[in-house]
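Numbering (our numbering), first residue to last: 3 to 519. Ideal Cβ positions, reconstructed from N, Cα and C, are used throughout, including at glycine. Owing to the predicted nature of the structure, the values given are computational and were not obtained by experimental measurement. Only one structure is covered here, and it is reproduced in the block below.
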Amino acid sequence: MKKLHIGIVDIVSRGPTRALYARVMNANLASIMPQVLGVWCRQEGHQVTLVCYTGFEDLLQELPANVDLVFIGAFTEAAHTAYALSRLFQSRGALTVLGGPHARCYPEDASQYFDYVLGFTDRETLRDILQDCSQHRPGIHLAARQQPVTLPSVRERWPFIEPTLRKAPLIKMVPMLGSLGCPYTCSFCIDAVVPYQSMDLRVLRDDLKFLLKQFKRPLVGWHDPNFGVRFDDYLDTIEEAVPPGGIEFIAESSLSLLSEPHLKRLRRNGFKAILPGVESWFDLGNKSKTGGLHGLDKVRQVSAHINLILTYIPYVQANFVLGLDSDQGREPFELTKRFLDLTPGVFPGYSLLTSFGRAAALNLEYQRAGRVLPFPFHFLNNNQSMNVRPRNYCWPEFYDNLIDLTEYSFSSRAIFRRFRATEGAIPRFMNLVRAVSSEGFGRIRYHREIRKRLETDPQFTRYFDQQTPELPAFYVNEVQRDLGQLWEWLPQGALHHDAYAYLKSERSGKPLVHVAG
Ligand code: B12
Ligand code: SF4
3 MKKLHIGIVD
13 IVSRGPTRAL
23 YARVMNANLA
33 SIMPQVLGVW
43 CRQEGHQVTL
53 VCYTGFEDLL
63 QELPANVDLV
73 FIGAFTEAAH
83 TAYALSRLFQ
93 SRGALTVLGG
103 PHARCYPEDA
113 SQYFDYVLGF
123 TDRETLRDIL
133 QDCSQHRPGI
143 HLAARQQPVT
153 LPSVRERWPF
163 IEPTLRKAPL
173 IKMVPMLGSL
183 GCPYTCSFCI
193 DAVVPYQSMD
203 LRVLRDDLKF
213 LLKQFKRPLV
223 GWHDPNFGVR
233 FDDYLDTIEE
243 AVPPGGIEFI
253 AESSLSLLSE
263 PHLKRLRRNG
273 FKAILPGVES
283 WFDLGNKSKT
293 GGLHGLDKVR
303 QVSAHINLIL
313 TYIPYVQANF
323 VLGLDSDQGR
333 EPFELTKRFL
343 DLTPGVFPGY
353 SLLTSFGRAA
363 ALNLEYQRAG
373 RVLPFPFHFL
383 NNNQSMNVRP
393 RNYCWPEFYD
403 NLIDLTEYSF
413 SSRAIFRRFR
423 ATEGAIPRFM
433 NLVRAVSSEG
443 FGRIRYHREI
453 RKRLETDPQF
463 TRYFDQQTPE
473 LPAFYVNEVQ
483 RDLGQLWEWL
493 PQGALHHDAY
503 AYLKSERSGK
513 PLVHVAG
């Protein structure tokens, strides 16, 4: 096979940025799969250049001009950035491949702009592409039957991890993966139907030992959808490789896994931040181990649990989904405010209910009910737009409640109480920066702007009420501003997508995916 020049772009930022938070954090949000592809492509004998795009690089300078094949990894919020890059590289004669969350959720749309669009990707899938390596316009959709059984280790990915972390000035977080899939089946989740599988614990052990030699005190971010399902196996592995506290860890874990004995062990082993999902006061009780408890009873139980976690783990972000069908009136929002009163040390992470294309079977229900709005992908990041019309709220009412809750969560009083209730300089610093930057104050400003326009801009009201598909100019201008120079390369029509493609394809009975291998 001809030796190819392969470019890989891991898009972390949707466009150029100068924000301080982005400077500190973006390189720490690099994905694992682009690095994996880099290792596999080199092992197949090809020349690879990988760029983690954090918003500070000039992509065209960093990737060689003569690449044959470009892999792009993108979340849906970065879809337009990815589409524009694809067009640019295709215009220079390269073939392009899209992978990652956007490709998994919106393959029909993406295949208009790439030669290949990938779902689950294993080494065989990659080999198929490298062998075929030909133009497909529109592109073809390929996927492995299941998640890969093994992935290259941190040691093997190091030639890609190290240059990425060099861009992170303060915190340097190494991305690791202990498991794929999840044994739980939360209806809204992309992993609800993906069987749980553990990665090879011997490889993890070796990687942890390797990391101890690279940094004085490494920081590992576990990318597992739900870390600690086989809790003892993972903690045994960590304890075998690392002296207590020799590596610091961050993980997403469900509350049901965070019992007090587990918390003691996590603290002993350097876990510094945990991100459990609470999601709702009226639904999804299994995940938070609150069973049939609802409303204020659930608030009290979850609060007590999180206060307990905070005595062991200095940084806790509790995640909520706002606008679920089980919510109505002011009560869910007021309950979250009571939760913050009772749990002053927690950082609240709010997601607006978002239906990411094919991510979950539940999305078919929203599509059948005609409740999905075609907001451009750029805004589908759980906070800049909510693409499911709420069942029990009209938009102004929903936004009033959202603004009230966000203001409450990032009021001077709440910030001060959070500061006092948190231990350690870094957790305090992170809470403060997140509150006063784009996440806290920035979102309050943004939601207020949307609310104002819902009152004053008839184009907005008609679009939100699904009376017209005509996109308000506000959104077009935002994408143009965020993409910077890449705007010129955005393919025509790319701001619009069929928000009902998943349902249509299910109804047509035609399989979408070509299984690789
Ligand atoms: C870990 C994680 C994070 C981490 C790490 C992010 C990162 N850069 O990887 C953190 C906490 C930083 C994060 C942040 C966010 N996340 Co997140 N995150 C996840 C999580 C839990 C696991 C993803 C993962 O790494 N899995 C392990 C990999 C190996 O498996 P995989 O993702 O299934 O990938 C397979 C294929 O897609 C393919 N593949 C993946 N990447 C690539 C790349 C290329 C080039 C190719 C060819 C193939 C390929 O190969 C893999 C093996 O089969 C998922 C939920 C889930 N359960 O999957 C959400 C998820 C991916 N996140 C999501 C979202 C929305 C976000 C945020 C926008 C939230 C926010 N508002 O801040 C940000 C965006 C951050 C950013 N721009 O980088 C959504 C994405 C939906 C979408 N279509 O965009 C998901 C699906 C959760 C959800 N809501 O349903 N996230
Ligand atoms: S526990 Fe988390 S990862 Fe598992 S199915 Fe539920 S939401 Fe998804």
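In whole angstroms, give me the CA-to-CA distance for Lys266 and Arg360.
Taking the first residue of the sequence shown as 1, we reach residue 266 at position 264. Taking the first residue of the sequence shown as 1, we reach residue 360 at position 358. About 39 Å.
Contact between the region 212–223 and the region 181–189: three or more CB pairs below 8 Å?
Output reads no: the region 181–189 does not touch the region 212–223.
Return the CA-CA distance between Phe400 and Leu62, expressed in angstroms with no decimal places.
Here residue 400 refers to the residue found at position 398 of the sequence shown. Here residue 62 refers to the residue found at position 60 of the sequence shown. Approximately 42 Å between the Cα atoms of the pair.
Give me the residue from Ser411, Met432, Gln386 and His449 with the minimum Cα distance to Val481.
The sequence position of residue 481 within the sequence shown is 479, counting from 1. Comparing C-alpha distances from Val481 to each of Ser411, Met432, Gln386 and His449 shows the shortest one belongs to Gln386.
So is the beta-carbon of Val14 under 8 Å away from any non-hydrogen atom of ligand 1?
Mapped onto the sequence shown, residue 14 falls at position 12. Correct: Val14 has its Cβ closer than 8 Å to ligand 1.
Tell me whether Cys107 counts as near ligand 2, meaning its Cβ is closer than 8 Å to at least one heavy atom of that ligand.
For the purposes of this step, residue 107 is identified with residue 105 of the sequence shown, where counting begins at 1. Because no heavy atom of ligand 2 lies under 8 Å away, the Cβ of Cys107 does not count as near it: no.
In terms of residues, what are the limits of the beta strand (DSSP E) holding Lys274?
Locating residue 274 in the sequence shown gives position 272, counting from the first residue. Phe273 to Ile276 is the span of the beta strand (DSSP E), which, as asked, contains Lys274.
To the nearest angstrom, how far is the alpha carbon of His449 from that of Leu404?
Translated into the one-based positions of the sequence shown, residue 449 becomes position 447. Translated into the one-based positions of the sequence shown, residue 404 becomes position 402. If you take the alpha carbons of His449 and Leu404, they lie about 8 Å apart.
For Phe233, is the beta carbon positioned less than 8 Å from some heavy atom of ligand 2?
For this step, residue 233 is matched to residue 231 along the sequence shown. Within 8 Å of the C-beta of Phe233 there is not a single heavy atom belonging to ligand 2.
DSSP bridge partner residues for His143 (one or two, in chain order):
Against the sequence shown, residue 143 aligns to sequence position 141. Val119.
Taking 8 Å as the threshold, find out whether the region 375–385 comes into contact with the region 325–342 through three or more Cβ pairs.
Not touching, per the Cβ criterion.
Buried or exposed for Asp193, please, with buried defined as at least 16 other CB atoms from any protein chain shown within 10 angstroms of its CB.
For the purposes of this step, residue 193 is identified with residue 191 of the sequence shown, where counting begins at 1. So Asp193 counts as buried.
Does the region 491–510 come into contact with the region 77–90, if we say contact requires no fewer than three beta-carbon pairs (one atom in each stretch) closer than 8 Å?
The region 491–510, when compared against the region 77–90, does touch it at the 8 Å Cβ threshold.
Please determine whether the Cβ atom of Phe462 lies at a distance below 8 Å from any heavy atom of ligand 1.
Position 460 of the sequence shown, counting from 1, holds the residue named residue 462. In this structure, ligand 1 has no non-hydrogen atom nearer than 8 Å to the beta-carbon of Phe462.
Compare the C-beta of Arg129 with all C-beta atoms of chain C and state if any pair is closer than 9 Å.
Absent here is chain C; the protein component of the structure consists of one chain.
Could you pull out every unbroken alpha helix (DSSP H) segment of at least 4 residues lying fully inside the region 117–203, listed in chain order?
The region 117–203 is shown to contain whole alpha helix (DSSP H) runs of 4 or more residues at 125–134 and 156–168, in chain order.
Flag Asn385 as yes when its Cβ comes closer than 8 Å to any non-hydrogen atom of ligand 1, and as no otherwise.
Within the sequence shown, the letter at position 383 stands for residue 385. For ligand 1, at least one heavy atom lies less than 8 Å from the Cβ of Asn385.
Which value, in whole angstroms, describes the spacing of the CA atoms of Ser181 and Cys135?
For this step, residue 181 is matched to residue 179 along the sequence shown. For this step, residue 135 is matched to residue 133 along the sequence shown. Between the C-alpha atoms of Ser181 and Cys135 there is a straight-line separation of about 31 Å.
Give every residue of the same chain whose Cβ lies closer than 6 Å to the Cβ of Pro530, excluding the five residues on either side of it in the sequence, and list them in chain order.
It is not possible to answer for residue 530, since the shown part of the chain is limited to 3 through 519.
Going residue by residue through the region 288–355, where are the continuous alpha helix (DSSP H) segments of at least 4 residues, counting only ones entirely within it?
Entirely contained in the region 288–355, the alpha helix (DSSP H) runs reaching 4 residues are, in chain order, 297–314 and 333–344.
Roughly how many angstroms separate the alpha carbons of Ala503 and Gly183, rounded to a whole number?
For the purposes of this step, residue 503 is identified with residue 501 of the sequence shown, where counting begins at 1. For the purposes of this step, residue 183 is identified with residue 181 of the sequence shown, where counting begins at 1. Approximately 25 Å between the Cα atoms of the pair.
Near ligand 2: Asp193 beta-carbon under 8 Å from a heavy atom:
Counting from one through the sequence shown, the residue named residue 193 turns up at place 191. Answer for Asp193: yes, Cβ within range of ligand 2.
Is Ala320 a contact residue of ligand 4, with contact defined as CB to any heavy atom under 8 Å?
Within the structure as shown, ligand 4 is missing, the only ligands being ligand 1 and ligand 2.
Asp406: first and last residue of the uninterrupted alpha helix (DSSP H) it sits in:
In the sequence shown, counting from the first residue as 1, residue 406 sits at position 404. Taken as a continuous stretch (DSSP letters only), the alpha helix (DSSP H) holding Asp406 covers Trp397 to Ser411.
Please report the distance separating the alpha-carbon of Glu409 from that of Arg445.
Sequence index remark: in the sequence shown, residue 409 carries index 407 (1-based). Sequence index remark: in the sequence shown, residue 445 carries index 443 (1-based). A direct Cα-to-Cα measurement between Glu409 and Arg445 gives close to 9 Å.
Give me whichever residues DSSP pairs with Gln468 in a beta bridge.
Position 466 of the sequence shown, counting from 1, holds the residue named residue 468. Beta-bridge annotation (DSSP): Gln468 is not paired with any residue.
Buried versus exposed, by CB contacts within 10 Å (16 or more), Arg106
Within the sequence shown, numbered from 1, the residue matching residue 106 stands at position 104. Result: buried.
Can you tell me which of the three DSSP states Asp70 falls into?
Locating residue 70 in the sequence shown gives position 68, where the first residue counts as 1. Correct three-state label for Asp70: coil.
Could you name each continuous alpha helix (DSSP H) segment of 4 residues or more that falls completely within the region 438–498, going from the start of the chain to the end?
The qualifying runs are 445–458, 460–466 and 475–485.
What's the gap between the Cα of Ser256 and the Cα of Tyr198?
On the sequence shown, position 254 is the one that residue 256 refers to. On the sequence shown, position 196 is the one that residue 198 refers to. Using only the alpha carbons, I get a separation of about 14 Å.
Length at least 4, wholly inside the region 219–275: the alpha helix (DSSP H) runs in chain order:
Counting whole runs of 4 or more residues, the region 219–275 contains the alpha helix (DSSP H) stretches 233–243 and 262–270.
With burial defined as no fewer than 16 other Cβ atoms inside 10 Å of the residue's Cβ, what is the status of Glu490: buried or exposed?
What you label residue 490 is simply residue 488 of the sequence shown in a count that begins at 1. Exposed.
Tell me whether the beta-carbon of Arg447 lies closer than 9 Å to the beta-carbon of Phe476.
Residue numbering aside, residue 447 sits at position 445 when the sequence shown is read from its first letter. Residue numbering aside, residue 476 sits at position 474 when the sequence shown is read from its first letter. Taking 9 Å as the Cβ cut-off, Arg447 and Phe476 do not qualify as a contacting pair.
Determine contact between the region 46–57 and the region 14–22, defined as no fewer than three beta-carbon pairs at a distance below 8 Å.
Contact between the region 46–57 and the region 14–22 is present, with at least three C-beta pairs closer than 8 Å.
According to the neighbour-count rule (16 or more other Cβ atoms, all chains shown, within 10 Å of its Cβ), is Cys43 buried or exposed?
For the purposes of this step, residue 43 is taken as residue 41 along the sequence shown, with counting starting at 1. The Cβ neighbour count for Cys43, taken over all protein chains shown within 10 Å, is at least 16; the residue is labelled buried.
Here's a check: name, in chain order, each residue in its chain whose Cβ is nearer than 8 Å to the Cβ of Ser353, leaving out the five neighbours to either side.
By one-based count along the sequence shown, residue 353 stands at place 351. Setting aside the 5 residues that flank it on each side, Ser353 is surrounded in the same chain by Asn321, Phe322, Val323, Leu324, Asn384 and Asn385, each with a C-beta closer than 8 Å to its C-beta; the list follows chain order.
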